[in-house]
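Below is one structure; the comments refer to it alone.
Take a look at the structure:
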């Protein structure tokens with residue numbers, strides 16, 4: 719295998735190195751394609767990456783926005799009235 | 039004039055109050071301080087409104103003021119979590135621990151994530167040092183891009199990424215500790231050989 723061909727495939731170490739960027743949609747098209755090609759044939763990596771994606775969405779879901787208390791709403795209206 | 043400015047300001051901030059408050063609450067870990075932080079932020083934003091360029095990213099602009107205000111006025115008053123260790127921060131930390139847990143093999147690891155209480159996730163996040171907590175909140179909860187976060191916290195992109203990645207790993211370790219403490223996981227943690 720030539721160097722070029724070798725570099726055209728990602729191994730498990732590449733997945734580990736790039737997983738966080740991947741879950742933030744931060745890979746460029748080429749990297750993303752290589753990343754996903756690896757997941758297609760590597761079940762252990764595929765499972766780990768889905769777990770990370772799931773964890774990210776669970777955190778967003780469980781930390782969903784707090785309803786601002788009435789007290790804050792009053793403070794804000796009061797502030798807005800007194801701004802010059 | 040002043041009335042127009044007030045009306046414009048009020049319309050600009052309205053959609054962001056709840057995310058500003060949520061972030062303030064996670065950062066100060068205290069309702070009163072969070073309310074004051076939001077109020078201070080809005081006051082400063084109003085005073086600086088002339089510097090805001092219309093039709094640019096208002097949400098990032100006002101979060102930048104929130105973060106600045108937090109760092110200059112609140113950070114010192116907020117009790118920092120106990121010292122955290124940065125050892126053993128491997129990638130896929132939580133997945134690997136669950137994989138070693140005999141009782142979780144039967145059920146799915148993702149079901150385990152679903153079963154955690156909201157408060158456990160909040161406490162785990164609040165246990166992170168503020169620099170890490172902030173970046174995780176801005177990315178994972180508020181959905182800001184790396185570039186927006188770099189602008190909000192006034193740090194280079196590389197710093198954003200390293201804090202985010204490290205913060206997430208710390209969070210995973212914290213969640214794992216909670217899982218053991220709260221009895222989500224109740225076997226003897228015999229690692230698979």
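Chains as they are written, first to last, in this note's numbering: chain E, 719 to 802; chain C, 39 to 231. Every residue gets a Cβ at the ideal spot worked out from N, C-alpha and C, and that includes glycine.
- Remark: C-beta atoms of residue 801 of chain E and residue 44 of chain C approach each other more closely than 7 angstroms.
- Rounded to whole angstroms, the gap between the alpha carbons of residue 95 of chain C and residue 764 of chain E is 36 angstroms.
- By the criterion of at least three beta-carbon pairs nearer than 8 angstroms, the region 45-59 of chain C is not in contact with the region 187-201 of chain C.
- By the C-beta criterion, the region 752-763 of chain E is judged not to be in contact with the region 207-227 of chain C, since fewer than 3 inter-stretch pairs fall below 8 angstroms.
- At least one CB atom of chain C sits nearer than 7 angstroms to the CB of residue 783 of chain E.
- Chain E has no Cβ within less than 7 angstroms of the Cβ of residue 217 of chain C.
- Measuring C-alpha to C-alpha distances from residue 781 of chain E to each of C/68, C/48, C/205 and C/161 identifies C/161 as the nearest.
- Counting the other Cβ atoms within 10 Å of the Cβ of residue 205 of chain C gives 16 or more, which makes it buried.
- Residue environment for residue 761 of chain E: exposed (fewer than 16 other C-beta atoms within 10 angstroms of its C-beta).
- For residue 762 of chain E, the enclosing alpha helix (DSSP H) begins and ends at 761-780.
- For residue 737 of chain E, the closest of E/767, E/728, E/751 and E/727 by C-alpha to C-alpha distance is E/767.
- For residue 730 of chain E, the uninterrupted alpha helix (DSSP H) run begins and ends at 730-741, by DSSP.
- Nearest in C-alpha terms to residue 167 of chain C, of all of C/60, C/67, C/59 and C/49, is C/67.
- Residue 51 of chain C: member of the alpha helix (DSSP H) spanning 40-51, first to last residue.
- Across the region 758-776 of chain E, CB contacts with chain C closer than 8 angstroms involve 765, 766, 768, 769, 770, 772, 773, 774 and 776, in sequence order along the chain.
- Inter-residue distance for residue 734 of chain E and residue 203 of chain C is about 12 angstroms (C-alpha atoms, whole angstroms).
- With its beta carbon at least 7 angstroms from every one in chain C, residue 751 of chain E lies outside the interface.
- If you look at residue 189 of chain C, you'll find it in the alpha helix (DSSP H) that goes 184-191.
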